[in-house]
Each structure stands twice: as C-alpha cells, then as structure tokens.
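Heads up, the sequence shown is in our numbering, so the first residue is 50 and it goes up one at a time.
Below is one structure, written out as structure tokens; the observations come after it.
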Amino acid sequence: MEHIVIVGNGMVGHHLVAQLVEKGQHLTHKITVLGEERSVAYDRVHLSAVFGEKSEQDLLLSSLEWYQRHGIELVLNARVSHIDRAKRTLAIDHTSSGASEMLSYDRLVLATGSFPFVPPIEGKDRDNIFVYRTLDDLEAIKTACASAKTGAVIGGGLLGLEAANALKLLGVQTHVIEFAPRLMPVQLDDNAGALLKSKIEQIGLTVHTSTVTEKIIDGETAFHRMVLKDQSPLEVDVIVFSAGIRPQDALARTAGLEVGERGGIVINGNGITSDERIYAIGECALWQQRIFGLVAPGYAMARAVADHISGVDGQGFQGADMSTKLKLLGMDVASIGDAHAQTPNAKELAMFDNVAGTYKKLVVDESGTRLLGAILVGDNSDYDALLQCYLNQTMLPEPAANLLLDASALNGDMADNTVICSCHNVTKGDLVSAIAAGAHELGELKAVTKAGSGCGGCSNMVKSVLDNELAAMGMEVNNHVCEHFALSRQELFHICQVEEILDFATLLDRHGHGLGCDLCKPTAASIFASLWNHHVLEPELSSLQDSNDAYMANLQKDGSYSIVPRIPGGEITPDKLIVLGQVAKRYDLYTKITGGQRVDLFGAQLDDLPQIWSELIDAGFETGHAYGKSLRTVKSCVGSTWCRYGVDDSVGLAIELENRYKGLRAPHKIKFAVSGCTRECAEAQSKDIGVIATENGWNLYVCGNGGMRPRHGDLFAADLTKQQLIQYIDRVLMFYIATADRLQRTSVWMENLEGGLEYLKQVVIEDHLGLAASLEKQMARVIESYQCEWRTTLESPQKLTKFKPYLNVETVPAPKYARVRDQRIPAKEVD
C-alpha cells in the first residue's frame with residue numbers, strides 16, 4: 050500500500066486530507082499527517098475570535114476522532130528536520146517527548162505554510178515581543194496583556210489589523226504602525242486606506258503610517274520605547290510583529306528542491322515540485338512566480354494534488370482570485386480583482402458618501418463595459434454582485450457609474466457554472482443539486498457542499514441561491530435571522546415578549562445555538578429596546594450594539610462623531626440656539642440645519658462626547674436618538690400660528706408627537722411630519738407617518754419614504770380627532786415593530802404585508818385580530834420608560850469609561866476646554 054505523508058496540519062493541509070478521504074484514497078493508501086503544533090487543524094483566519102466570544106475548540110476544523118475514524122495517522126507536536134529524497138525518508142523530532150525517528154514515504158506533500166517576517170530591528174528579541182500566527186502565540190500574548198496597559202502592532206495589513214483587534218479585545222490601548230502611507234496597502238488605495246484609518250481610530254486605536262521602527266529600547270513610562278523614524282517615540286508594554294509572511298521552505302531548500310529567488314517551493318499546475326514524488330501546497334508553494342497568501346488558493350492547490358494522486362484528470366491549479374471581503378475591527382472592507390487599476394487603459398469610478406462613511410471604487414476597462422476590480426469600505430452589501438460580475442465578466446449596464454449608487458442591476462440570473470464559493474470551488478449548480486437532494490436548511494447546505502465554511506464571504510450568496518431555489522420548488526423560504534436562530538425577527542420579537550427575555554445570553558440559550566453574529570446581535574438589541582427600553586450601554590446589552598448605538602453618536606467619514614440634540618417640531622428658544630453656537634465654537638464643530646429641522650453638530654471626538662452632552666443637557670436639551678433605529682424627527686410647518694393658510698396647529702401637534710414617541714426603537718429609523726394644511730409644506734406624505742390638517746380634523750398617511758426608494762405614503766384615515774390620530778399611530782407603529790423584518794423600512798414592510806393597506810386598516814381600525822388593546826399597552830410601556838440615554842450615561846461612572854481615550858485617565862467628563870488649532874487649552878484662556 051502506497052504511503053502518503055503530509056507535512057503540515059494547517060487549514061490547507063487538512064483540506065487536502067479531507068479531499069483524499071472524499072475521493073476514497075484513505076482506503077487504498079496509508080496516510081500520515083505530521084503537525085508541528087499541539088492542536089488539530091484550526092481556523093487561522095478567525096484567530097482573534099478566541100479573545101472575544103469563541104474558544105479554541107470553536108476554531109477546530111476537525112477532531113482526532115475524525116482522523117481515527119478514517120484510518121489516518123495524525124501525529125502532533127512533530128517537527129520534520131530533514132528530507133532524504135534518495136531514500137525517501139523524513140527525520141522527525143517529537144517536541145513533546147524529545148524522541149526522534151525516521152519515517153519513509155512514497156509520496157510527500159509539503160503544506161508547511163509560512164512564518165511571520167520580523168524585520169531586523171535592534172531590540173526585536175526583548176521580552177514581551179511576539180508574533181501573531183498560532184494558538185500558542187495568542188496564549189503568550191494573552192498572558193503578557195494581563196498586566197499591560199498599552200501595546201503596538203508592527204504591520205497594518207490584514208494580519209496586522211487582526212492582531213490589533215486581538216490586543217483591543219484584551220483591553221490594551223493599541224497602536225498600529227505601518228511602513229506604507231496607508232493601511233492594507235496591497236488591497237486598498239489611498240482613499241480607502243484613509244477611510245479605514247479614520248474608522249479604526251474612532252473605536253480607540255491609534256494608527257501611525259509612513260514610518261518604521263528603528264529600534265526598541267527600555268521605556269520610561271512603559272516596558273518598551275519604540276524609536277520611530279520621523280515621528281515621536283512610542284512607549285508600550287507589549288509589541289506584536291505582523292509585518293508580512295515568508296514561505297516556510299527551509300525543508301525544501303536543504304533537500305535540494307527548486308525554490309524561487311525570493312522564496313517559495315516551485316510547483317506546476319498539479320502541485321508537483323522539482324521532485325516528482327514531492328508536492329507543495331499553500332503559502333509555501335510558488336506557482337508561476339507567485340505566492341498566494343489566502344486560504345482559497347491553498348484549497349485550490351489541495352484539490353489539484355488530490356486529483357493527481359487519485360488519477361483524476363482535473364484542470365490542475367490555474368491561479369486563483371485574490372478578492373477578499375472582511376470585517377476588520379467591525380468595519381466592512383472588500384477588494385476585488387485589479388483594485389489598483391494596473392490593467393492598461395483601465396478607468397476608475399469612485400464615490401465617497403460623507404454621511405454614511407462609505408467609499409466605493411469600480412475599475413472598468415477602456416470601454417466601460419467590463420469590471421476589472423473594485424474597493425468597498427464601510428458597506429460590503431454590493432460585494433457579491435460585483436464579485437460575480439468580475440469573475441464571470443458580465444457586461445456592465447450603461448452608464449457603469451450608476452453602479453456606484455446601486456449595484457442591484459447586476460443581480461440577474463447566474464449560470465450554473467458560476468463559482469459561488471471560491472474557497473471550496475462550489476458553483477451555483479453544486480448548490481442547486483444539493484438543494485434538490487434535500488439540503489433545505491442553510492446549515493445543512495453548507496455542511497453538504499462546504500460552501501461558506503472557508504472565509505465565509507459567500508454566505509449571503511449561498512443563502513440567496515437557497516431562497517430562490519426553495520421558492521421555485523414551491524416551498525416556504527427560510528426567513529431565519531441567521532444560522533444561529535431558526536426563527537424570523539418577528540418570531541424572536543414574540544418569544545422575547547411572551548417569555549420576557551431581557552438579554553442575549555438567555556435568548557441564545559433557550560432558542561439559538563452557537564455564539565451569535567453581527568446579524569442576530571443588533572437584531573436582538575433592537576427587540577429588547579422596543580420591548581423593555583433598557584439603557585443601551587447596560588453591560589448585558591452594550592456588546593450587541595452596532596457602531597453608532599455603541600457610542601450613542603453617528604460615526605462620520607473622518608472618524609469623528611455628530612451631535613444631534615432633540616428639537617421637537619423644530620421649535621427652539623433663542624437661549625438654546627445660543628448654547629448650540631457656544632458649544633460648536635468651543636469644540637470646533639461644523640454646524641448644519643438639516644432637512645428634519647434640527648441643528649446637527651459635526652466633528653466631535655469620542656472623548657469629547659460626554660462633556661459636550663453634559664453642557665447641552667444642562668441647557669435643557671436631550672438626545673435626538675439620531676444614532677439609533679428609532680424615531681428621528683417630526684418635521685412641521687409653522688401652521689395656523691403664523692401661516693395665513695394654516696388650518697390647525699401643526700407645530701403643537703408635531704411637538705406632542707415627538708415627545709410621545711421619542712426613544713421608540715424599531716427595525717429601522719422612523720420619520721414623521723405634520724403639515725398645517727393641504728399645501729403640504731412639511732412634506733408629510735414622504736414620511737413613515739405623515740399628518741395633514743384639514744378643516745374637519747387630521748388626515749393620517751402611513752409608510753411613505755423619501756430615501757433611495759421614494760414612496761408616497763398611503764392615506765390611512767381621514768378627518769380624525771387628535772385622540773383618534775394618536776391611537777391609530779400607536780397601533781400602526783407597534784404592529785410594524787412586532788412584525789417587520791430586520792432593517793426593513795415601513796415602506797417596504799407595507800409592500801410585503803399580505804393584504805397591504807386594507808389589511809393594515811383591518812388590524813388597526815377594525816381590530817380584526819383583537820390586538821388593538823395589546824398594541825396600545827405596549828406603546829404605553831415604551832412611553833413610560835423613556836429616558837434620555839445621554840443623561841443616564843452621564844450619571845454612571847461605569848458607562849462613562851467607554852469614552853475614556855486611555856485606560857489610565859480619570860473618568861470623563863473632563864474639565865471644560867476649547868479647541869484651538871488641534872491643541873487643547875482651558876476654555877478660560879481662549880481669547
């Protein structure tokens with residue numbers, strides 16, 4: 050029986066084993082796997098998750114039992130020190146026991162991966178300096194950070210930012226040092242890098258670009274002093290090197306295999322090295338002068354080797370797409386194809402959304418009809434459509450610039466040979482076949498096809514194919530929030546209501562599985578807020594919030610925050626206007642009158658937020674909840690008080706409505722307007738709730754939207770008394786909150802509501818379901834439990850620690866100060 054030996058039990062090495070088992074080669078070959086680490090193969094892509102909510106066990110890709118069940122010998126803590134190609138033997142050192150042995154092979158696969166590059170910096174061998182590569186590295190970093198206050202990561206690429214996330218999760222004030230002028234220089238351009246930098250800095254990290262560490266010496270206020278080129282020295286307790294990787298090709302070099310000039314074991318399309326008995330796959334392999342540093346190309350190499358060993362006439366390795374979609378430190382980042390427009394005559398189309406803090410760039414060919422590459426920062430929602438367009442070279446619609454605003458035009462029918470999961474080479478046809486064979490749940494479909502189990506970037510596409518196929522088969526489409534809950538948002542809402550569930554841990558324990566994700570956590574947070582209205586920064590709720598709710602402020606493009614005090618109905622006193630002006634001058638804030646009749650203050654720093662809000666609350670303001678999926682504004686005209694056409698007091702009603710519903714949390718933001726006559730100066734019909742005065746009372750319009758999908762509201766009821774009006778609004782809003790999907794605007798909710806407007810009238814006006822009293826009671830509870838979230842925060846020293854710029858400063862708010870040309874000086878010293 051031929052003996053196959055695989056050196057390396059990382060993600061790529063394990064994938065090769067799985068492929069050989071799938072092809073039945075474990076039945077005809079003896080297979081031995083040598084792993085240098087103490088653990089069976091684990092997910093190195095999500096390594097920093099062990100500092101969050103995952104354990105080492107959660108990252109494991111397999112188990113010892115799986116290897117035993119398939120008759121595969123797995124030897125851990127085994128380091129191969131020498132290859133004798135003539136004798137076809139390996140010298141193995143068992144690091145746990147100290148023993149050594151010789152092992153023979155018939156075919157040898159080198160899956161040795163890479164090692165972290167550590168620049169030749171003076172002081173790099175000092176204590177409390179680490180690399181970021183293995184579980185043991187993370188354990189050492191965790192131990193060191195237990196007594197550390199500050200840390201630095203040398204390297205601002207993918208792994209560097211993952212390492213920075215690890216330090217942040219350990220509670221260490223973290224710096225990132227990058228030689229290039231931008232973060233992620235391989236994937237991003239200057240604009241995208243700048244936006245990513247601002248987004249990372251707003252969550253408390255400090256980024257230093259265009260500099261290098263010249264030496265590391267003893268610090269005065271911390272364990273290390275990092276001497277930076279052309280910048281001030283930096284003092285930190287812990288340093289992590291993540292300045293790139295180098296192929297682990299030492300074994301191949303000493304064995305006389307051909308290696309590249311800059312490293313890497315040379316292979317052909319079948320993964321064969323210069324010795325026909327030896328293969329190489331993954332980050333140690335060099336194919337056509339290229340090293341591939343992502344997991345998907347490594348998996349493709351593993352499949353090519355498995356085909357060759359099995360005698361299958363496959364296509365072999367033909368290169369791989371290096372597109373990536375990530376969530377780094379909570380930020381969406383994606384890069385597709387030729388993101389830097391290296392193709393001759395390539396053209397760039399780009400858009401900054403300063404309000405949302407997003408950047409999108411498309412690279413197209415000279416004709417503008419083919420997508421060559423793309424960059425997305427802040428919003429990855431168009432990634433799947435753009436990636437499929439790039440991979441399949443689909444003709445772009447004209448003009449291509451429209452895709453910057455909306456890429457939904459690309460979401461046409463996909464061919465069966467369209468690759469959905471590049472990590473495991475799963476096509477749409479593979480998914481369709483698995484669905485037809487009975488894989489009707491997302492988790493089951495992933496398990497059968499492996500799609501979405503690599504980097505995870507294709508999960509949305511897999512779900513989309515599943516939903517479309519089930520619908521075509523006449524089956525009910527899964528509307529689950531995510532793979533952790535086999536429930537819709539509506540079902541989760543009612544469960545939390547009936548069982549009075551107040552926190553995510555209880556909800557997950559009773560009705561979910563796993564650890565939760567970026568879909569179900571904010572959804573749960575919104576449900577808890579709608580039902581119980583507890584403060585968003587309570588310990589059991591704080592970690593569930595998205596970036597805006599987490600700091601109770603809207604994050605802006607440059608990493609600063611906006612301040613939006615509530616001004617009910619747009620009515621404001623001169624004294625309050627003066628305070629807004631004083632605060633804006635003191636903190637150097639940009640001011641703007643918004644379409645919702647508010648004064649927005651832009652440019653606040655994270656650690657300034659408590660002090661700014663302290664001053665505003667002292668002046669009688671309260672939070673406008675502009676950061677939340679909640680009631681934003683109630684716009685009004687001047688109504689009958691001033692206008693010669695006004696037939697009723699629109700300002701008074703607007704103020705009453707805003708004070709009634711302020712703080713109400715919902716699946717998406719809600720906007721109101723009240724017009725004092727049918728001339729409609731407040732544009733009420735374009736709002737979620739619109740009210741227009743008539744000579745006979747108030748007309749109520751519902752489910753309008755002035756956003757990207759404009760929709761006029763529908764006339765719901767006419768000539769209402771104020772009591773009837775408020776009663777109907779209570780019922781409509783609570784029914785929407787109880788039944789809408791996550792992030793679903795009222796306009797879309799209405800369009801998807803079976804029976805539409807007439808059904809909603811039956812529920813709300815006719816009480817067809819017998820829910821009216823319950824809906825009113827729920828709204829009353831929300832109204833009674835209202836709190837200004839910033840006032841509550843300012844009264845809690847524990848909650849204020851979230852806004853501390855460093856771990857060792859006094860609790861904010863700090864003494865009042867003003868900003869003068871980026872320098873802070875006491876306010877009384879300002880001339």
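We put the beta carbon where it would ideally sit given N, CA and C, even for glycine.
Computed from a predicted structure; not experimentally measured.
In the DSSP assignment, find the beta strand (DSSP E) that holds M400 and state where it starts and stops.
Start at 1 with the first residue of the sequence shown, and residue 400 comes out as number 351. Here the beta strand (DSSP E) through M400 covers 396-402.
Where A329 and N441 are concerned, what is the direct C-alpha to C-alpha distance, given to the nearest angstrom?
Residue mapping note: residue 329 aligns to position 280 of the sequence shown, counting from 1. Residue mapping note: residue 441 aligns to position 392 of the sequence shown, counting from 1. For A329 and N441, the gap between their C-alpha atoms comes out near 29 Å.
By Cβ distance below 6 Å, which residues in the same chain neighbour S97 in space, the five residues on each side in sequence not counted?
Taking the sequence shown and counting its residues from 1, one reaches residue 97 at position 48. Once the five neighbours on either side are set aside, the close Cβ partners of S97 are E211, N214, A215.
In whole angstroms, what is the alpha-carbon distance linking S579 and V812?
The residue labelled residue 579 in the question sits at position 530 within the sequence shown. The residue labelled residue 812 in the question sits at position 763 within the sequence shown. The C-alpha of S579 lies about 20 Å from the C-alpha of V812.
Could you compute how far the alpha carbon of I704 sits from the alpha carbon of G417?
On the sequence shown, position 655 is the one that residue 704 refers to. On the sequence shown, position 368 is the one that residue 417 refers to. CA-to-CA, the gap between I704 and G417 works out to about 51 Å.
Mind checking whether V475 and A500 have CB atoms under 7 Å apart?
Along the sequence shown, read from residue 1 onward, the residue named residue 475 stands at position 426. Along the sequence shown, read from residue 1 onward, the residue named residue 500 stands at position 451. Going by C-beta atoms, V475 is nearer than 7 Å to A500.
Roughly how many angstroms separate the alpha carbons of S845 and V202, rounded to a whole number?
Position 796 of the sequence shown, counting from 1, holds the residue named residue 845. Position 153 of the sequence shown, counting from 1, holds the residue named residue 202. For S845 and V202, the distance between alpha carbons rounds to 33 Å.
Is it true that the segment 332-344 meets the segment 295-309, where meeting means three or more beta-carbon pairs spaced less than 8 Å apart?
A contact exists between the segment 332-344 and the segment 295-309.
Inspect the beta-carbon positions of N429 and A383 and report whether they are closer than 7 Å.
Reading the sequence shown from its first residue, position 380 is the one you call residue 429. Reading the sequence shown from its first residue, position 334 is the one you call residue 383. Yes, Cβ-Cβ distance for N429 and A383 is below 7 Å.
Please state if the CB of A456 and the CB of A434 are separated by a distance shorter than 7 Å.
By 1-based counting over the sequence shown, the position of residue 434 is 385. By 1-based counting over the sequence shown, the position of residue 456 is 407. With respect to the 7 Å criterion, A434 and A456 are classified as neighbours on the basis of their beta carbons.
Among residues of its own chain, excluding the 5 on either side of E620, which ones have a beta-carbon nearer than 7 Å to its beta-carbon?
Counting from 1 along the sequence shown, the entry for residue 620 is found at position 571. Only V700, I704 meet the Cβ criterion.
If I'm right that K72 touches S359 with Cβ under 8 Å, what's the distance once you round it to whole angstroms?
Working through the sequence shown from its first residue, we reach residue 72 at position 23. Working through the sequence shown from its first residue, we reach residue 359 at position 310. In this structure K72 touches S359 by the C-beta definition: roughly 5 Å separates them, less than 8 Å.
Run of the beta strand (DSSP E) containing L138, from where it starts to where it stops
Taking the first residue of the sequence shown as 1, we reach residue 138 at position 89. Checking the displayed sequence, the identity of residue 138 turns out to be Thr instead of Leu. The continuous beta strand (DSSP E) containing T138 extends over residues 138-143.
Complete alpha helix (DSSP H) runs within the segment 230-262 (minimum length 4 residues, chain order)
For the segment 230-262, whole alpha helix (DSSP H) runs of length 4 or above, ordered along the chain, are 239-250.
What residue range does the alpha helix (DSSP H) around T682 cover?
Indexing the sequence shown from 1 puts residue 682 at position 633. Per DSSP, T682 belongs to no alpha helix (DSSP H); it is in the beta strand (DSSP E), 680-685.
What does a CB cutoff of less than 6 Å around A395 pick up in its chain, not counting 5 residues either side in sequence?
Position 346 of the sequence shown, counted from the start, is the residue given in the question as residue 395. For A395, where only same-chain residues beyond five positions count, the Cβ hits under 6 Å are V412, L421.
Tell me the DSSP bridge mates of P716?
As a first step, residue 716 is located in the sequence shown; it is residue number 667 there, counting from the start. Under DSSP, P716 shares a beta bridge with no residue.
What residue range does the alpha helix (DSSP H) around A483 cover?
Working through the sequence shown from its first residue, we reach residue 483 at position 434. That run of the alpha helix (DSSP H) goes 477-485.
Can E707 and V687 be called in contact, C-beta distance under 7 Å?
For the purposes of this step, residue 707 is identified with residue 658 of the sequence shown, where counting begins at 1. For the purposes of this step, residue 687 is identified with residue 638 of the sequence shown, where counting begins at 1. Not closer than 7 Å, so no.
Contact between the segment 715-728 and the segment 832-842: three or more CB pairs below 8 Å?
Counting Cβ pairs under 8 Å, fewer than three are found: no touch.
Ends of the alpha helix (DSSP H) at G701?
What you label residue 701 is simply residue 652 of the sequence shown in a count that begins at 1. From DSSP, the alpha helix (DSSP H) with G701 extends over 699-710.
Distance, V70 Cα to I326 Cα
As a first step, residue 326 is located in the sequence shown; it is residue number 277 there, counting from the start. As a first step, residue 70 is located in the sequence shown; it is residue number 21 there, counting from the start. According to the sequence displayed, residue 326 carries Arg and not Ile. Using only the alpha carbons, I get a separation of about 20 Å.
Would you mind listing the alpha helix (DSSP H) stretches within the segment 527-570 that are 4+ residues and don't spill past its ends, in chain order?
Qualifying alpha helix (DSSP H) stretches, in chain order: 538-548, 553-560.
Indicate whether the contact test is met: 3 or more Cβ pairs, each with one atom in the segment 302-314 and one in the segment 267-278, closer than 8 Å.
Under the 8 Å Cβ criterion, the segment 302-314 does not count as touching the segment 267-278, having fewer than three qualifying pairs.
Between which two residues does the alpha helix (DSSP H) containing M60 stretch?
Residue numbering aside, residue 60 sits at position 11 when the sequence shown is read from its first letter. Counting along the chain, the alpha helix (DSSP H) containing M60 begins and ends at 60-71.
Length of the line joining the Cα atoms of R728 and C692:
Along the sequence shown, read from residue 1 onward, the residue named residue 728 stands at position 679. Along the sequence shown, read from residue 1 onward, the residue named residue 692 stands at position 643. In a straight line, the C-alpha of R728 is about 11 Å away from that of C692.
Could you give the distance in angstroms between the alpha-carbon of A731 and the alpha-carbon of T743?
Along the sequence shown, read from residue 1 onward, the residue named residue 731 stands at position 682. Along the sequence shown, read from residue 1 onward, the residue named residue 743 stands at position 694. Those two C-alpha atoms are separated by around 14 Å.
Runs of beta strand (DSSP E) lying entirely within the segment 108-164, each at least 3 residues, in chain order:
Within the segment 108-164, the complete beta strand (DSSP E) runs of at least 3 residues are 122-124, 127-133, 138-143, 149-153, 156-159.
Verify whether the separation of the beta carbon atoms of Y439 and G386 is less than 7 Å.
By 1-based counting over the sequence shown, the position of residue 439 is 390. By 1-based counting over the sequence shown, the position of residue 386 is 337. Taking a C-beta distance under 7 Å as the contact criterion, Y439 and G386 qualify as a contact pair.
Three or more C-beta pairs below 8 Å linking the segment 124-139 and the segment 148-164
Output reads yes: the segment 148-164 touches the segment 124-139.
Quick one: using the 10 Å Cβ neighbour count with 16 as the cut-off for buried, is M783 buried or exposed?
Stepping through the sequence shown from its first residue, residue 783 is reached at position 734. Of the other Cβ atoms in all chains shown, 16 or more fall within 10 Å of the Cβ of M783; this residue is therefore buried.
Which partner residues does F179 have in the DSSP bridge list?
On the sequence shown, residue 179 is found 130 positions in, with the first residue counted as 1. Note: F179 sits in a beta bridge opposite V289.
The segment 607-618 in contact with the segment 570-578 per 3-pair CB rule at 8 Å:
No, the segment 607-618 is not in contact with the segment 570-578.
Cβ contact check for the segment 175-193 and the segment 273-293: 3 or more pairs under 8 Å:
Here the segment 175-193 lies against the segment 273-293, with 3 or more beta-carbon pairs under 8 Å apart.
What separation, rounded to the nearest whole angstrom, lies between the Cα atoms of A535 and H529?
Numbered from 1 along the sequence shown, position 486 holds the residue referred to as residue 535. Numbered from 1 along the sequence shown, position 480 holds the residue referred to as residue 529. Straight across, the Cα-Cα distance linking A535 with H529 is about 5 Å.
Cutting at 6 Å between CB atoms, please list the residues of its own chain near L856, excluding the five before and the five after it.
If you number the sequence shown from 1, residue 856 lands on position 807. For L856, the predicted structure reports a pLDDT of 42, less than 50, and the residue's modelled location is therefore unreliable. A value from the coordinates is still provided. Excluding sequence neighbours, L856 sits near K198, Q222.
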